[in-house]
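Have a look at the structure below, then the notes.
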């Protein structure tokens, strides 16, 4: 098994080699040393309840630090210590200095609540045509109806945009490369996601693969003290080299720490964790918890605690993203009746827990020593 593991790691690294002048990928020993200094990481994917997407969260006209302060206070109150937070390239293009200042302000608020965010630079999910300015209202009864990709498909298809995207990566990561308020950098969310709800995206994945390869190098060039990652998410075999897609080879071969998404039953979650152990690096689950799909706090969170896997569920406070609604709302909007159970989210809009037992579980696991799941009372 050890020989197989060594061969797999060497093969993946060879296929995804970075330019010679880029910062080296952390060794497994370096990655584990960084992880050992962290508490057991538990948190959510975060956008304030009054933002439909990344643009509405961060643009100056809709930036709401008071709301963020209130909501991160809710997170601190249940023991959360990290948040996965999405940025956007057009925000840097629009007003680089203003965007940098708002990120700094966000970090100040987060640090007040003892929370270290994992920032996401790019995203292949949902609307491929992001537009700055006022965002459209949510589509009634539809899950995540206003989320936008970064970069948008027009920029992805235009080679002339590459210097701008490089400036964004190096500007943001470089500004906070030595800032211990930042947990790390998630370079691209689900880069091989086809966002099939939207048509006209032919040829997207090869462009993303080529650009993400460069993004790893661009980020390493500014020598961040925080780890780089991009999460695998859709296939069933991550430990066999021949089963990996080119995108997965890049992600698993170049990330300082391994990250993944899982919205399945706990048995599947455990299997995916076991597969990723072959890489010998810290493991972060950067998306999970879809109640109607079998992925719950009760089922997956204790496994993450026992295995010392960082855990970040999708959704925090119910709001304009409407991700309390299930994925199938794209086909059958919930305009008259609410779903039987909420799909995502931890808190209602008024700040009360959706399920008190869930927030109690999060708090209990967060307080316990690493690797220890407290006995149920």
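Numbering (mature numbering (1 follows the signal peptide of the UniProt record, and there is no 0)), first residue to last: -22 to -1, 1 to 355.
Don't be surprised by glycine CBs; every beta carbon is placed ideally from N, CA and C.
Every value quoted in this text rests on a predicted model; they were computed, and no experiment measured them.
Does the beta-carbon of residue i have 16 or more other beta-carbons within 10 angstroms, so that it is buried, or is it exposed?
{"i": "residue 337", "result": "buried"}
{"i": "residue 86", "result": "exposed"}
{"i": "residue 327", "result": "exposed"}
{"i": "residue 205", "result": "buried"}
{"i": "residue 168", "result": "buried"}
{"i": "residue 304", "result": "buried"}
{"i": "residue 107", "result": "exposed"}
{"i": "residue 114", "result": "exposed"}
{"i": "residue 7", "result": "exposed"}
{"i": "residue 233", "result": "buried"}
{"i": "residue 181", "result": "exposed"}
{"i": "residue -22", "result": "With a pLDDT of 46 at residue -22, under the threshold of 50, the modelled position of this residue cannot be trusted, and the question is left open."}
{"i": "residue 170", "result": "buried"}
{"i": "residue 220", "result": "exposed"}
{"i": "residue 346", "result": "exposed"}
So, under 8 Å CB-CB, residue i and residue j are touching, yes? Tell me the CB distance rounded to an integer number of Å.
{"i": "residue 17", "j": "residue 300", "result": "In fact, because the Cβ distance is near 32 Å, the residues do not count as touching under 8 Å."}
{"i": "residue 286", "j": "residue 349", "result": "5 Å"}
{"i": "residue 163", "j": "residue 197", "result": "6 Å"}
{"i": "residue 127", "j": "residue 105", "result": "6 Å"}
{"i": "residue 65", "j": "residue 98", "result": "6 Å"}
{"i": "residue 100", "j": "residue 129", "result": "7 Å"}
{"i": "residue 155", "j": "residue 112", "result": "33 Å between Cβ atoms; not a contact."}
Between which residues of its own chain and residue i is the CB-CB distance below 6 Å, once the five residues before and five after are set aside?
{"i": "residue -8", "result": "Residue confidence is low: residue -8 scores 47 on pLDDT, short of 50, so the model does not pin down where it sits. Its coordinate-derived value is still stated next. So the qualifying residues of the chain are 227."}
{"i": "residue 21", "result": "58, 60, 61, 290"}
{"i": "residue 118", "result": "313"}
{"i": "residue 69", "result": "36, 77"}
{"i": "residue 150", "result": "none"}
{"i": "residue 264", "result": "62, 209, 237, 290"}
{"i": "residue 260", "result": "9, 13, 235"}
{"i": "residue -10", "result": "Residue placement at residue -10 is flagged as unreliable, the pLDDT there being 49, under the threshold of 50; a coordinate-derived value is accordingly withheld."}
Across which residues does DSSP place residue i in a beta bridge pair?
{"i": "residue 103", "result": "Bridge partners of residue 103: none, in fact."}
{"i": "residue 262", "result": "237, 288"}
{"i": "residue 24", "result": "63"}
{"i": "residue 325", "result": "295, 331"}
{"i": "residue 126", "result": "105"}
{"i": "residue 268", "result": "273"}
{"i": "residue 210", "result": "238"}
Which residues in the same chain as residue i place their Cβ atom closer than 7 Å to its Cβ, once the five residues preceding and following it in sequence are excluded?
{"i": "residue 302", "result": "296, 320, 321, 322, 323"}
{"i": "residue 176", "result": "105, 106"}
{"i": "residue 224", "result": "187"}
{"i": "residue 80", "result": "36, 41"}
Less than 8 Å between C-beta atoms, sequence neighbours within five positions excluded: which residues of the same chain meet that for residue i?
{"i": "residue 26", "result": "35, 42, 45, 46, 49, 295, 297"}
{"i": "residue 199", "result": "-2, -1, 1, 148"}
{"i": "residue 249", "result": "none"}
Runs of 4 residues minimum, wholly inside the stretch 146 to 203: which ones carry the alpha helix (DSSP H) assignment? 182 to 199
Report the start-end ranges of each beta strand (DSSP E) in the stretch 71 to 117 that is 3 residues or longer and not cut off at the edges. 94 to 101
Counting only runs that start and end within the stretch 1 to 53, where is the alpha helix (DSSP H) found for 4 or more residues in a row? 6 to 14, 32 to 36
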